[in-house]
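Under the UniProt record's numbering, the first residue of the sequence shown carries the number 1, and numbering increases by one thereafter.
Don't be surprised by glycine CBs; every beta carbon is placed ideally from N, CA and C.
Just so it is clear, the structure is predicted and the values come from calculations on it, not from any experiment.
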Amino acid sequence: MKSTKILSIAIILAAFVGLQNGRAQIAAGHKKPNVIIILTDDMGYGEISCYNKNQIQTPNIDRLANEGVRFTDFYVPTPYCAPSRASLLTGRFPLRHGMVENPAPDANINDIGLNSTEVTLGEAFQEADYKTKCIGKWHLGHKPEFSPLKHGFDEYYGMLYSNDMRPVQLIENNEIVEKTVDQRQLTQKYTSKALEFIDRNQKSPFFLYLAQAMPHKPLAASAPFFTDGNSKELYESVIRELDWSTGEIINKLAKLGILENTILIFMSDNGPWYGGNTGGFKGMKANNWEGGIRVPFIARYPKALPQGKTISTACSSLDIFPTLMALTQTKTNPSIKLDGQNILNIATGKSNSHAPIFSMKDTKIRTIRDGKWKLFLSKPDYFKEIDSEKWIDKRAPDGTTILAPFQQATPTDYPGAKPIQMEGEMLLFDLEKDPFESTNLIDKFPEIKENLIRKYNAFLNTMPKL
1 MKSTKILSIA
11 IILAAFVGLQ
21 NGRAQIAAGH
31 KKPNVIIILT
41 DDMGYGEISC
51 YNKNQIQTPN
61 IDRLANEGVR
71 FTDFYVPTPY
81 CAPSRASLLT
91 GRFPLRHGMV
101 ENPAPDANIN
111 DIGLNSTEVT
121 LGEAFQEADY
131 KTKCIGKWHL
141 GHKPEFSPLK
151 HGFDEYYGML
161 YSNDMRPVQL
171 IENNEIVEKT
181 VDQRQLTQKY
191 TSKALEFIDR
201 NQKSPFFLYL
211 AQAMPHKPLA
221 ASAPFFTDGN
231 SKELYESVIR
241 ELDWSTGEII
251 NKLAKLGILE
261 NTILIFMSDN
271 GPWYGGNTGG
281 FKGMKANNWE
291 GGIRVPFIAR
301 YPKALPQGKT
311 ISTACSSLDI
321 FPTLMALTQT
331 KTNPSIKLDG
341 QNILNIATGK
351 SNSHAPIFSM
361 KDTKIRTIRD
371 GKWKLFLSKP
381 DYFKEIDSEK
391 WIDKRAPDGT
401 TILAPFQQAT
411 PTDYPGAKPI
421 QMEGEMLLFD
431 LEKDPFESTN
441 LIDKFPEIKE
451 NLIRKYNAFL
461 NTMPKL
């Protein structure tokens with residue numbers, strides 16, 4: 001009897017060990033995918049060659065498009081920085097997460113930041129045992145409670161704000177490591193930190209959020225990308241260096257043998273400022289015409305996404321959170337209300353159905369896009385002239401001077417088609433036939449207008465009151 005029990009225990013132990021070994025082999029063979037989001041600052045739709053063949057050649061970014069999925073109608077919820085970034089990281093519309101304007105320490109806008117109750121991609125991946133790092137522009141508050149380290153990132157390196165906001169200083173985790181920042185080296189430094197993080201975490205799943213400083217003004221690029229010249233040459237140099245940076249990351253992943261197990265996303269936070277390129281769309285950063293809210297978006301992940309596919313279904317940066325959770329099989333609290341949707345079926349061509357997409361400015365929703373239709377719910381912003389003086393940093397080198405370098409030509413060319421005054425408060429466009437928003441159809445299709453207004457009201461009723 002005793003020997004029978006011992007034999008039974010041995011069999012059970014052997015089975016248990018076998019089960020554990022099997023689980024280990026599955027884990028080793030099916031490691032959770034890494035996730036990298038490369039977010040550029042103020043890059044226009046038409047500034048990379050896979051969206052505009054006549055523009056600067058960007059072979060590395062184009063490679064992502066050739067080996068992944070390129071979206072032609074991809075939107076951000078606001079045409080400026082902070083609310084757009086908060087929505088990307090939370091999957092929630094600005095009225096829901098509460099960040100509807102840009103914090104700015106040099107304008108004494110100090111109390112705005114991402115609320116501690118918000119769950120970011122960093123926190124979701126951190127809970128799933130990912131190593132997480134944020135590099136570059138944060139712009140979600142500078143008080144201690146708003147730090148990237150409080151929002152799911154194990155590590156942080158970068159400038160908390162735009163590169164034209166004082167104090168211009170580099171921070172590593174919670175420490176100021178550089179006060180006199182020569183911005184010509186920013187893209188190089190951010191790239192180096194990204195490669196080091198990937199190297200160090202190659203054997204564990206990681207989430208890298210690389211929020212580049214460029215091509216936000218003041219423009220700056222390192223040698224040999226730029227030495228001297230006019231503003232157009234400087235802008236092109238900045239884009240070429242961003243493309244180089246993207247290539248360095250792709251090459252590092254390939255060298256380590258983890259490229260195929262990495263979800264790579266490339267996008268911009270909003271449309272371009274003066275000197276940029278909307279690809280012909282009307283408007284620019286800070287307004288809700290297509291040029292301000294339609295951005296380049298590319299995703300590469302060969303295990304789940306097709307290669308070289310172009311998607312024209314309108315999608316949104318709010319979709320990134322739920323889609324990444326699905327792709328990585330990461331669970332989140334079901335009580336958290338997300339405003340985006342899992343677009344994997346859209347990305348693979350199995351569906352072209354998407355909920356209405358809204359954009360806002362300040363505290364008001366300005367537009368709704370539903371299928372091919374776009375409705376301006378209130379009077380849009382129209383073209384304004386600006387001065388054409390050189391950008392000069394008049395501040396002394398006191399540790400917070402903007403070095404980009406000291407003096408440079410600032411581009412003043414309007415980046416898209418100029419939005420000239422149109423009749424009426426509300427405007428309706430058929431973006432399939434009229435992507436440049438030139439013909440107002442508000443009087444021709446009153447039933448479409450009323451249907452879109454109903455959808456707007458239904459959406460607004462789901463939002464908390466600010």
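Taking the alpha carbon of Thr262 as the reference point, which residue from Asp269, Leu327, Ile239 and Ala220 has its own alpha carbon closest? Along the sequence shown, one-based indexing puts residue 262 at 262. Checked all of Asp269, Leu327, Ile239 and Ala220; the closest Cα to Thr262 is Leu327.
Entirely enclosed alpha helix (DSSP H) segments - the region 37-70, minimum 4 residues: Runs found: 59-66.
Quick one: residues in its chain with C-beta nearer than 6 Å to the C-beta of Lys150, no 5 flanking neighbours on either side, listed in chain order? Position 150 of the sequence shown, counting from 1, holds the residue named residue 150. The answer is none, since no qualifying residue turns up.
Could you please give me the residues that DSSP links to Val35 through a beta bridge? On the sequence shown, position 35 is the one that residue 35 refers to. Beta-bridge pairing links Val35 to Phe207 and Ile263.
With the cut-off set at 8 Å, would you say Ser316 and Gly340 are in Cβ contact? Within the sequence shown, residue 316 is the residue found at index 316, counting from 1. Within the sequence shown, residue 340 is the residue found at index 340, counting from 1. Contact: yes.
Looking at the structure shown, is Gly136 part of a helix, part of a strand, or coil, going by DSSP? Numbered from 1 along the sequence shown, position 136 holds the residue referred to as residue 136. It is a strand residue.
Take Asn342 and list the residues in its own chain whose beta-carbon comes closer than 6 Å to its own, dropping the five residues that flank it on each side. Stepping through the sequence shown from its first residue, residue 342 is reached at position 342. These residues qualify, in order along the chain: Pro322, Thr323 and Ala326.
Quick one: is Gly257 buried, meaning 16 or more other Cβ sit within 10 Å of its Cβ, or exposed? Numbered from its first residue, the sequence shown carries residue 257 at position 257. So Gly257 counts as exposed.
Taking its Cβ as the centre, do 16 or more other Cβ atoms sit within 10 Å of Leu460, making it buried, or is it exposed? The residue given as residue 460 occupies position 460 in the sequence shown. Per the 10 Å Cβ criterion, exposed.
Test item: CB-CB of Ile231 and Pro411 under 8 Å: Looking up residue 231 in the sequence shown gives position 231. Looking up residue 411 in the sequence shown gives position 411. According to the sequence shown, residue 231 is Ser rather than Ile. Contact flag set, yes.
Is it right to say Asn352 is buried, meaning 16 or more other beta carbons lie within 10 angstroms of its own, or is it exposed? Locating residue 352 in the sequence shown gives position 352, where the first residue counts as 1. Exposed, because fewer than 16 other Cβ atoms sit within 10 Å of the Cβ of Asn352.
Name the two residues that bound the continuous alpha helix (DSSP H) containing Gly291. Here residue 291 corresponds to residue number 291 of the sequence shown, with the count starting at 1. Taken as a continuous stretch (DSSP letters only), the alpha helix (DSSP H) holding Gly291 covers Glu290 to Ile293.
Straight-line CA distance for Arg369 to Ala223? The residue given as residue 369 occupies position 369 in the sequence shown. The residue given as residue 223 occupies position 223 in the sequence shown. Put simply, the backbone Cα of Arg369 is about 43 Å away from that of Ala223.
Cα separation between Asn270 and Asp362? Translated into the one-based positions of the sequence shown, residue 270 becomes position 270. Translated into the one-based positions of the sequence shown, residue 362 becomes position 362. Put simply, the backbone Cα of Asn270 is about 15 Å away from that of Asp362.
In whole angstroms, what is the alpha-carbon distance linking Gly158 and Ile311? Taking the first residue of the sequence shown as 1, we reach residue 158 at position 158. Taking the first residue of the sequence shown as 1, we reach residue 311 at position 311. As the crow flies, the alpha-carbon of Gly158 is around 33 Å from that of Ile311.
Does Leu160 pass the burial test, meaning 16 or more other C-beta atoms within 10 Å, or should it be called exposed? Against the sequence shown, residue 160 aligns to sequence position 160. It is buried - the Cβ of Leu160 has at least 16 other Cβ atoms within 10 Å.
Below 8 Å between beta carbons: does that hold for Asn174 and Ala213? In the sequence shown, residue 174 corresponds to position 174, counting from 1. In the sequence shown, residue 213 corresponds to position 213, counting from 1. Judged by beta-carbon spacing, Ala213 lies beyond the 8 Å limit of Asn174, meaning their Cβ atoms are not closer than that value.
Check each candidate in Ile250, Ile38 and Cys50 and name the one with the smallest Cα separation from Lys309. Here residue 309 refers to the residue found at position 309 when the sequence shown is read from its first residue. If we check each option's Cα against that of Lys309, Cys50 comes out closest.
Given a threshold of 16 other Cβ atoms within 10 Å of its Cβ, counted over all protein chains shown, does Lys193 qualify as buried or as exposed? In the sequence shown, residue 193 corresponds to position 193, counting from 1. It is buried - the Cβ of Lys193 has at least 16 other Cβ atoms within 10 Å.
What is the residue span of the beta strand (DSSP E) that Leu428 lies within? Your numbering for residue 428 matches position 428 in the sequence shown. Leu428 -> beta strand (DSSP E) spans Leu427 to Asp430.
Kindly give me the distance between the Cβ atoms of Thr348 and Leu305, rounded to whole angstroms, as I take these residues to be in contact under 8 Å. As a working note, residue 348 is residue 348 in the sequence shown. As a working note, residue 305 is residue 305 in the sequence shown. That belief holds up - the Cβ atoms of Thr348 and Leu305 are roughly 7 Å apart, short of 8 Å.
In whole angstroms, what separates the C-alpha of Thr191 from that of Phe197? The residue labelled residue 191 in the question sits at position 191 within the sequence shown. The residue labelled residue 197 in the question sits at position 197 within the sequence shown. One alpha carbon belongs to Thr191, the other to Phe197, and they sit about 10 Å apart.
According to DSSP, is Ser388 helix, strand or coil? In the sequence shown, counting from the first residue as 1, residue 388 sits at position 388. Residue confidence is low: Ser388 scores 44 on pLDDT, short of 50, so the model does not pin down where it sits. No coordinate-derived value is stated.
Which whole-angstrom value is the C-beta distance of Leu375 and Leu452, which I expect to be below 8 Å? For the purposes of this step, residue 375 is taken as residue 375 along the sequence shown, with counting starting at 1. For the purposes of this step, residue 452 is taken as residue 452 along the sequence shown, with counting starting at 1. That pair is a contact at about 4 Å.
Would you call the region 78-86 in contact with the region 136-149, where contact means no fewer than 3 C-beta pairs closer than 8 Å? The answer is yes - the region 136-149 touches the region 78-86, with three or more Cβ pairs under 8 Å.
Leaving aside the five residues before and after Gly247 along the sequence, list all residues of the same chain whose C-beta is less than 7 Å from its C-beta, in chain order. As a working mapping, residue 247 is identified with position 247 in the sequence shown. So the qualifying residues of the chain are Asn60.
Jot down the residue ranges of each uninterrupted alpha helix (DSSP H) in the region 93-180, minimum 4 residues, whole runs only, in chain order. Correct list: 94-97 and 121-127.
Meets three-Cβ-pair contact criterion under 8 Å: the region 276-284 and the region 61-77: Contact annotation: the region 276-284 does not touch the region 61-77, with fewer than three C-beta pairs closer than 8 Å.
On the criterion of 16 or more Cβ atoms from any shown chain inside 10 Å, does Arg300 qualify as buried, or is it exposed? Taking the sequence shown and counting its residues from 1, one reaches residue 300 at position 300. With 16 or more other Cβ atoms from the protein chains shown falling within 10 Å of its own Cβ, Arg300 counts as buried.
Can you name the start and end residues of the alpha helix (DSSP H) that Trp244 belongs to? Within the sequence shown, the letter at position 244 stands for residue 244. Where Trp244 is concerned, the enclosing alpha helix (DSSP H) starts and stops at Ser231 to Lys255.
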